[in-house]
Amino acid sequence: MTLDPFMVMLLDVLVKAIVIVVALLGAYAYMTLAERYVMARVQVRIGPNRVGRVGPIAVLQPVADAVKTIFKEDFCPANADKIVYTLAPGLAVAIALLAWAVIPLSPPLTIAGYTIHFYIADVGIAALYLLAVGSLGVYAIVLGGWSSNNKYSLLGGLRSAAQMISYEVSLGLALVGVLMISGSLSLVDIVEKQSPIWNVVWQPVGFVLYCICAVAETNRVPFDLPEAETELVAGYSTEYGSLKFALFYMAEYINIVTVSAIAATMFLGGYQGPFGLLPGAHWLLLKIAVFIFIFMWMRATLPRFRYDQLMRFGWKVLLPLGLANVFATAVVMVLLGR
Amino acid sequence: MLTVNHLIFLSAILFSIGAVGVLVRRNPLIMFMSIELMLNAVNLAFVAFARYLQNLDGQVFVFLILTVAAAEVAVGLAIIVALFRQRETIDVDEASILKG
Amino acid sequence: MELAIFYLFASIAIVAALGMVVLRNAVHSALSLAVVFVALAALYVLLNAPFIAAAQVMIYAGAILILFVFVIMLLSPRVDQGAGALKWQRPLAALCGLVFAVELAIVAASALLPTERGPFTPERLAEIGDVQAVGALLFTDFLLPFEITSLLLLVAMVGVIVLAKKR
Amino acid sequence: MPVDYLPILVMLIVVSAFAAIALTISALVGPRRPTPAKLSPYESGMPPFGSARRRVPVKYYLTAVLFILFDIEIIFFYPWAVLFRQLGWFGLIEMALFVLVLLVGYVYVWRKGGFDWD
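Protein chains in written order, with this note's numbering: chain B, 1 to 338; chain H, 1 to 100; chain A, 1 to 167; chain P, 1 to 118.
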């Protein structure tokens, strides 16, 4: 029996895509649980304890949450733009998932003559692809806010959009240094070239810059202005309920995992271990987990920026810093003749 | 086999749709979007020719057109916004006299 | 296969473009245009121009159209109604468009295009990388246009502030 | 090669299917008992007044414009970054000129208060 290699490739990709979607769905479910425990610990509370506080039963908490969300009423507010209102959460989650098409998870593995690559696509423009897909994320939020026919939603959506685009520039700039060192936009190349020494060693400023922008891009504390509860209720998702709300929520958490994975891939060697030790997916997962924990920790401790501070910080501090970093890298590279 | 004619036909169709949009709609924002569509149709032709002449000049051109389009949109929309703030209307027929 | 993908995205682009012109609500129009941009990006990938495709999504769909959406919201709700076209304008415009399309099609069909010329075959492109190839041209042969774009952006920046800041 | 990008198309189809399924489930499974109070926009318990689709401040527009102009700069930076080793000093100087011109605009916007959110 011979198999058409093209069909094998398609099937291979299809399986990987479904696995990634399901894995991220699971990651989302358990991140919500982990976040509640972390927050509770920081605030000296018990945390979620209805399903069961410890032991295997506590693991069912996200399942209970999911069942509850699914069986909630799926309403559409009066005078809302029904099509856009329905489309926006789907768009949010689809765009959040799309970034995972180019992130390499592990070195290739050869079993019985068939090489499995642990990425969906290795393309020559991967870094640009990430930026391009990320820039579409603004739509979901602005449209969700606009279509709900609610003042809080509209303002929350617009604020969120303005914030995201403001920090996107610095986010893009922060990665330029890494690209100059690697000389490639392919994430697989970038990871492979970090074999003994991670990029963070050469690009500490770029790394810090990226981390700050990543937090702002995901609308998390201390940059969670769009859903500043005291001012804007729940921001763009105020009028959403049922699974639609869950989809927005899911997009937010997947974005956290995504920016963590990109930070790990670009600056911390991706699936490479320190000093080239045992490369594999476990390193990437460990790095992502650390980032996620820091995200939660920040949420529990830090106060929120004021909106004017946030915009000023993005445009007047991060942008010049990003440019300076690029040119400093360029000058050093030319002087060292590398 | 995908030939350059396929792409040029598509480009022509999109360009025509854009042209009709500019002619039919009175909303300057939609007219402006139609102009963007026409620019995109031209870009498509550039990329198609770049591929079939196996010469990348077309792609570089598209790149420069992108920049021009961005600057054009920025200023064009600024004019529309300024117009609206002054007249409280954005119907293009109302704006045919170029006096403030 | 190539042809099937072309027809898929070409039809998406055409339907979405029509939608942009026809839809009453300006936000819906803008969304349709976003679909056109993304479909065109897919076609660029098909044409061996992934770098242009990424730039298309980033600049057109991710930046320019967001600006349109903001302006639509800035000027709403007046924009939503939008005065209708004059009575005679619609058939005339349709006619013009049709003539236009036919004309373009004839010109396109009559042009005989030489193929297999020049150094950038798909194989060679794959070898050096699309971004590298386009970039190398941009930063050497097209250096002057590249530098001039910065002036263009400067002018746009100043123009926008002058127009929008006036109170 | 275009075929390298086929997996991205597959991914696109899978995630769209996922979003569509999720939206359909939520439309099918939940109860449906609309009341006027439930469907009215949430305004902290007060009866809503006026339309929510009101005009928004021009600030947002200004931010979006600045974003476009700097986004273009980013997209020029990326090919330059990957080519930087080959371009060397030449590349550094040409990009410095490009950015210098943009910096004039940046300073102008700064002086005019374009980055201040009042």
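Heads up, the beta-carbon is just placed ideally off N, CA and C, and yes, glycines get one too.
Residue i, DSSP secondary structure in three states
| i | result |
| --- | --- |
| I181 (chain B) | helix |
| S16 (chain H) | helix |
| M157 (chain A) | helix |
| T115 (chain A) | Model confidence at T115 (chain A) stands at a pLDDT of 42, short of 50, so the residue's coordinates are unreliable; what they give is reported in the following sentence. Looking at T115 (chain A) - three-state DSSP - the assignment turns out to be coil, as it is neither helix nor strand. |
| D57 (chain H) | helix |
| M7 (chain B) | helix |
| Q163 (chain B) | helix |
| P57 (chain P) | coil |
| Y5 (chain P) | helix |
| P28 (chain H) | helix |
| L14 (chain B) | helix |
| V133 (chain B) | helix |
| Y60 (chain A) | helix |
| W117 (chain P) | coil |
| S11 (chain A) | helix |
| F71 (chain B) | coil |
| R41 (chain B) | helix |
| W198 (chain B) | coil |
Residue of the options minimising C-alpha distance to residue i
| i | options | result |
| --- | --- | --- |
| K287 (chain B) | B:R299, B:M296, B:P303, B:L268 | B:L268 |
| T301 (chain B) | B:I18, B:Q43, B:K16, B:V15 | B:Q43 |
| A78 (chain B) | B:A328, B:I262, B:E239, B:A251 | B:E239 |
| V219 (chain A) | A:F9, A:I66, A:L23 | Because chain A is modelled from 1 through 167, residue 219 (chain A) falls outside the range shown and cannot be assessed. |
| R220 (chain B) | B:A281, B:S147, B:L277, B:R299 | B:R299 |
| A246 (chain B) | B:V59, B:G90, B:V19, B:V21 | B:G90 |
| M38 (chain H) | H:A48, H:L53, H:I13 | H:I13 |
| G343 (chain B) | B:L155, B:P274, B:A174 | The question about residue 343 (chain B) has no answer here: the residues shown for chain B are numbered 1 through 338. |
| L46 (chain A) | A:F142, A:F6, A:L137 | A:F6 |
| I120 (chain B) | B:T265, B:V19, B:A328 | B:V19 |
| V191 (chain B) | B:V205, B:S237, B:A264 | B:A264 |
| Y210 (chain B) | B:A161, B:D189, B:Y236, B:A261 | B:A261 |
| F305 (chain B) | B:I57, B:S153, B:I197, B:V215 | B:V215 |
| W110 (chain P) | A:F142, A:L74, A:V158, A:L23 | A:V158 |
| I8 (chain H) | H:V47, H:A74, H:Q59 | H:V47 |
| L69 (chain P) | P:L6, P:I21, P:G105, P:W117 | P:G105 |
| M339 (chain B) | B:M7, B:S148, B:Q194 | This structure leaves residue 339 (chain B) out entirely; chain B is present only between 1 and 338. |
Alpha-carbon to alpha-carbon, residue j and residue i
| i | j | result |
| --- | --- | --- |
| G100 (chain H) | L83 (chain H) | Residue confidence for G100 (chain H) is low, a pLDDT of 47 falling below 50, so the modelled location carries little weight and cannot support an answer. |
| D407 (chain B) | L158 (chain B) | Outside the shown range of chain B, which is 1 to 338, sits residue 407 (chain B), and nothing can be said about it. |
| L318 (chain B) | T258 (chain B) | 21 Å |
| I64 (chain A) | M333 (chain B) | 34 Å |
| I46 (chain B) | R36 (chain B) | 10 Å |
| L48 (chain B) | A29 (chain B) | The sequence shown places Pro at residue 48 (chain B), rather than the Leu named in the question. Between P48 (chain B) and A29 (chain B), the C-alpha separation is close to 14 Å. |
| M33 (chain H) | F63 (chain H) | 19 Å |
| S106 (chain B) | V15 (chain P) | 22 Å |
| R25 (chain H) | P91 (chain A) | 12 Å |
| I13 (chain P) | R33 (chain P) | 33 Å |
| V186 (chain A) | I17 (chain H) | Missing from the structure shown is residue 186 (chain A); chain A here goes from 1 to 167 and no further. |
| F275 (chain B) | G113 (chain B) | 29 Å |
| D57 (chain H) | L137 (chain A) | 8 Å |
| G114 (chain P) | A156 (chain A) | 14 Å |
| Y78 (chain P) | A41 (chain A) | 18 Å |
| A94 (chain A) | A34 (chain A) | 23 Å |
| M1 (chain A) | G322 (chain B) | 43 Å |
| W146 (chain B) | P303 (chain B) | 28 Å |
| P108 (chain B) | D71 (chain P) | 34 Å |
| S224 (chain B) | A133 (chain A) | Here the sequence assigns Asp to residue 224 (chain B), which means Ser is not the residue at that position. Spanning the two alpha carbons is a distance of roughly 41 Å. |
| L3 (chain A) | L77 (chain H) | 38 Å |
| F118 (chain B) | F61 (chain H) | 36 Å |
One or two residues paired with residue i in a DSSP bridge
| i | result |
| --- | --- |
| Y114 (chain B) | B:I111 |
Where residue i meets chain D, residues with beta-carbon distance less than 7 Å
| i | result |
| --- | --- |
| Q132 (chain A) | As a matter of chain content, chain D is missing from the structure shown, whose protein chains are B, H, A and P. |
- Are the stretch 128–146 of chain B and the stretch 49–57 of chain A touching by the rule of at least three beta carbon pairs closer than 8 Å? yes
- Does the stretch 95–102 of chain B come close enough to the stretch 157–165 of chain B that 3 or more CB-CB pairs lie under 8 Å? no
- At least three beta-carbon pairs within less than 8 Å, the stretch 14–32 of chain H to the stretch 13–21 of chain A: yes
- Item | the stretch 248–262 of chain B / the stretch 24–31 of chain P touching (three or more Cβ pairs under 8 Å) | no
- Does the count of Cβ pairs from the stretch 117–131 of chain B and the stretch 172–185 of chain B closer than 8 Å reach three? yes
- Cβ pair count under 8 Å reaching 3, the stretch 50–59 of chain H against the stretch 68–83 of chain H: no
- Three or more C-beta pairs below 8 Å linking the stretch 84–91 of chain P and the stretch 275–284 of chain B: no
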